[in-house]
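Heads up, the sequence shown is in full-length UniProt numbering, so the first residue is 1 and it goes up one at a time.
Glycine included, every Cβ here is placed at the ideal spot set by N, Cα and C.
Note that the structure is predicted; figures quoted are calculated from it, not measured.
A short write-up of the structure that comes next.
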Amino acid sequence: MFKIRCPAKLNTFINVLKRRDDGYHEIYSNLQLIDLYDEISFKRSDQTRIISDEKSLVSNNLIENAIQWFNKNFSVNQCYEVTLKKLIPHGAGLGGGSSNAAHTIIFLCIINKIPVDELNTHAISKEIGADVPFFIHGKSADVFGIGEKIEKDCFKGDDYLLIHPNIHISTKDIFKSHHLKLKTSIDRESNDLLAPLMQESTEFNDFFVKISSVLKGSEHRLKLTGSGSCLYIANPTKMEKEILSQKIGDNFRIFFVKGLEYYDFVSDWGVAKW
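Here it is as structure tokens:
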């Protein structure tokens, strides 16, 4: 059996620049890897199946898509029993599913002695997920295109306080919203998906207003990662940490995380343990 960890990400900004004819949107964004991880165990099997405490992910999972993609593109037929320990909130804008897929592909490359730089990341972005190439790249960076192209490595070196409501957000629905406004110039402070999210989800809007009132005086520091629903504060103060820690209830969780300049699960976990 071989175990790997898959880090989350957060967006320090997202600019939506253009609607494409293929249904995707051109974006420009900065993605920071963070030290919040899912854990995946792989065991050889006669058929691929996913085991997870989150039942919704058993039949709808990018890990299985990644294995199928790898088998098709490298003409192999490998199956695994995959156990997913889900610690990154699902549908939160933290890239957990994309990270799972990316690190599954890297794992399969290592097992099959295929150089990672031979991967067709453009095809991966279209067939599996737009964020997957970023996680294969493995470094905090500015990205463009649909999110699959790396412009430059860019690490902020910040700590973050994540605030996650128990709300699942569909990225596709937010990008389809008629409330989404396209940017004409780069703004490294804004997430263009926040306004349509607040219009499309009354539940999220209510949560955002509630957290803003709790953080009265520093609510301007609240930012959204991805298409939501997770909010965060960069380099939180002691007061901000204490205020939110006291307000934790059934409707949200908080995480204290650090940004990562890069992540390499091979050096993290060592060689394969079959």
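(request) Spatial neighbours of Gly129 within its chain, please: CB distance less than 8 angstroms, with the 5 preceding and 5 following residues excluded, ordered by chain position. (result) For the purposes of this step, residue 129 is identified with residue 129 of the sequence shown, where counting begins at 1. Excluding sequence neighbours, Gly129 sits near Leu62, Gly97, Ser98, Ala101.
(request) In the DSSP assignment, find the alpha helix (DSSP H) that holds Gly97 and state where it starts and stops. (result) The residue given as residue 97 occupies position 97 in the sequence shown. Here the alpha helix (DSSP H) through Gly97 covers 96-111.
(message) Which of the three DSSP states is assigned to Ser125 in this structure?
(response) On the sequence shown, residue 125 is found 125 positions in, with the first residue counted as 1. Helix at Ser125.
(message) According to DSSP, simplified to helix, strand and coil, what is Pro236?
(response) Along the sequence shown, read from residue 1 onward, the residue named residue 236 stands at position 236. The three-state reading of DSSP puts Pro236 in coil, since its state is none of H, G, I, E or B.
(request) Report buried or exposed for Ser227, applying the criterion of at least 16 other Cβ atoms within 10 angstroms of its Cβ. (result) Numbered from its first residue, the sequence shown carries residue 227 at position 227. By the 10 Å Cβ count, Ser227 comes out buried.
(request) Pick helix, strand or coil for residue 283, following the three-state DSSP scheme. (result) No information on residue 283 is available, as it lies outside the stretch 1 to 274 that the chain covers here.
(request) Note down, one range per segment and in chain order, each alpha helix (DSSP H) of at least 4 residues found wholly within the region 148-183. (result) 171-176
(message) With H, G and I counted as helix, E and B as strand and the rest as coil, what does DSSP make of Val16?
(response) Reading the sequence shown from its first residue, position 16 is the one you call residue 16. Residue state, collapsed to three classes: strand.
(request) Quick one: using the 10 Å Cβ neighbour count with 16 as the cut-off for buried, is Gly95 buried or exposed? (result) What you label residue 95 is simply residue 95 of the sequence shown in a count that begins at 1. Gly95 should be labelled buried.
(request) Could you tell me if Val116 is buried or exposed, where buried requires 16 or more neighbouring beta carbons within 10 angstroms of its beta carbon? (result) Here the question's residue 116 lines up with position 116 in the sequence shown. Exposed: under 16 other Cβ atoms inside 10 Å.
(request) Starting from His57, follow its DSSP beta bridges and name the residues at the other end. (result) For the purposes of this step, residue 57 is identified with residue 57 of the sequence shown, where counting begins at 1. A small fix is needed here, since residue 57 is Leu in this sequence, not His. Looking at the DSSP assignment, Leu57 forms no beta bridge with any residue, so it has no partner.
(request) Please classify Lys55: is it buried, with 16 or more other beta-carbons within 10 angstroms of its beta-carbon, or exposed? (result) By 1-based counting over the sequence shown, the position of residue 55 is 55. By the neighbour-count rule (16 or more Cβ atoms within 10 Å), Lys55 is not buried but exposed.
(request) Please report how far the alpha carbon of Ile122 lies from the alpha carbon of Glu148, in whole angstroms. (result) Numbered from 1 along the sequence shown, position 122 holds the residue referred to as residue 122. Numbered from 1 along the sequence shown, position 148 holds the residue referred to as residue 148. Residue identity check: residue 122 is His in the sequence provided, not Ile. If you take the alpha carbons of His122 and Glu148, they lie about 7 angstroms apart.
(message) Let's test the definition: count the other Cβ atoms within 10 Å of the Cβ of Leu108 and tell me whether it reaches 16, buried, or not, exposed.
(response) Indexing the sequence shown from 1 puts residue 108 at position 108. The residue in question, Leu108, is buried, as its Cβ has 16 or more Cβ neighbours within 10 Å.
(message) For Phe70 and Ile105, what's the separation of their Cα atoms in angstroms?
(response) Taking the first residue of the sequence shown as position 1, residue 70 is located at position 70. Taking the first residue of the sequence shown as position 1, residue 105 is located at position 105. If I take the Cα positions, the gap works out to 7 angstroms.
(request) Let me know if Lys139 comes out buried or exposed under the rule of 16 or more other beta-carbons within 10 Å of its beta-carbon. (result) Working through the sequence shown from its first residue, we reach residue 139 at position 139. Classification for Lys139: buried.
(request) Ignore the nearest five residues each way along the sequence and tell me which others in Met198's own chain have a CB closer than 8 angstroms to its CB. (result) Position 198 of the sequence shown, counting from 1, holds the residue named residue 198. The residues are Phe204, Asn205, Phe208.
(message) For Tyr37 and Lys241, I'd like the C-alpha separation in whole angstroms.
(response) By one-based count along the sequence shown, residue 37 stands at place 37. By one-based count along the sequence shown, residue 241 stands at place 241. One C-alpha to the other measures close to 21 angstroms.
(request) May I have the straight-line CA-CA distance separating Glu118 from Ser177, to the nearest angstrom? (result) Taking the first residue of the sequence shown as position 1, residue 118 is located at position 118. Taking the first residue of the sequence shown as position 1, residue 177 is located at position 177. Those two C-alpha atoms are separated by around 36 angstroms.
(message) Quick check on the DSSP output: the alpha helix (DSSP H) that includes Asp206 runs from which residue to which?
(response) Along the sequence shown, one-based indexing puts residue 206 at 206. Start and end: 202-214.
(request) From the DSSP output, in three-state form, read off Ser41 for me. (result) As a working mapping, residue 41 is identified with position 41 in the sequence shown. Ser41 falls in the strand class under three-state DSSP.
(message) So, for Lys238: in the same chain, excluding its five sequence neighbours on each side, which residues have a beta-carbon less than 6 angstroms away from its beta-carbon?
(response) Within the sequence shown, the letter at position 238 stands for residue 238. Once the five neighbours on either side are set aside, Lys238 has no close Cβ partner at all.
(message) For the alpha helix (DSSP H) containing residue 275, name the first residue and the last one.
(response) The structure shown does not extend to residue 275, since the chain spans only 1 to 274, so no value can be given for it.
(message) Judging by CA-CA distance, which residue of Ala234, Ile111, Glu200 is the nearest neighbour of Phe13?
(response) Position 13 of the sequence shown, counting from 1, holds the residue named residue 13. Looking at Ala234, Ile111, Glu200, the one whose alpha-carbon comes closest to that of Phe13 is Ala234.
(message) Can you tell me where the alpha helix (DSSP H) holding Ile254 begins and where it ends?
(response) As a position in the sequence shown, residue 254 is number 254, starting the count at 1. Ile254 -> not in any alpha helix (DSSP H); beta strand (DSSP E) instead, spanning 252-260.
(message) Buried or exposed for Tyr263, going by 16 or more other Cβ atoms inside 10 Å?
(response) Here residue 263 refers to the residue found at position 263 when the sequence shown is read from its first residue. The residue is buried, with at least 16 neighbouring Cβ atoms inside 10 Å.
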